[in-house]
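Student:
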Amino acid sequence: MCEFSKQEFIGGLQSLGVDSLEKLRERLPFMRSELKDEQKFREIYNFAFGWAKEKGQKSLALDTAIGMWQLLFAERHWPLVEHWCQFLQVEKVNCNFLYVVHYISM
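Mapping to the UniProt record's numbering: the sequence shown position 23 is 23, numbers consecutive.
1. According to DSSP, is Lys40 part of a helix, a strand, or is it coil?
2. Within 10 angstroms of the Cβ of Phe47, are there 16 or more other Cβ atoms? Answer buried if so, exposed if not.
3. Work out the CA separation of Leu24 and Val18 for me, nearest whole Å.
4. In the DSSP assignment, find the alpha helix (DSSP H) that holds Val81 and state where it starts and stops.
5. Please classify Lys53 as buried or exposed, where buried requires at least 16 other C-beta atoms within 10 Å of its C-beta.
6. What would DSSP say about Asp19, mapped onto helix, strand or coil?
7. Since Arg32 contacts Leu16 with CB under 8 Å, what's their CB separation in whole angstroms?
8. When the Cα atoms are used, what is the spatial distance from Leu80 to Gly67?
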């Protein structure tokens, strides 16, 4: 859950053309801007789901899902993300991380 091997991390940076901290700093604004593209956001959202869930599980623990939503929607400025997360914590609703993407994309 939520881990990259050193080889995966280096390979990912190389695919982005990043070979130093300075280049990573330069690349971050572009990477953040990609979250505004609907298709790219869906790809990242789906990747994050697979990356964050426990091995063998189909859904995320509520605390993990809330953390991922807060992280992913920070750049999209979804005004209801905090209300959504508070609702889930108060109501103790069992919610699948991917299930929500259907309604968000409507």
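Don't be surprised by glycine CBs; every beta carbon is placed ideally from N, CA and C. Only a predicted model underlies this, so the values are computations on that prediction, with no experimental measurement involved.
Tutor: In short:
1. helix
2. exposed
3. 6 Å
4. Val81 to Glu91
5. buried
6. coil
7. Wrong, their Cβ atoms sit about 13 Å apart, outside the cutoff.
8. 14 Å
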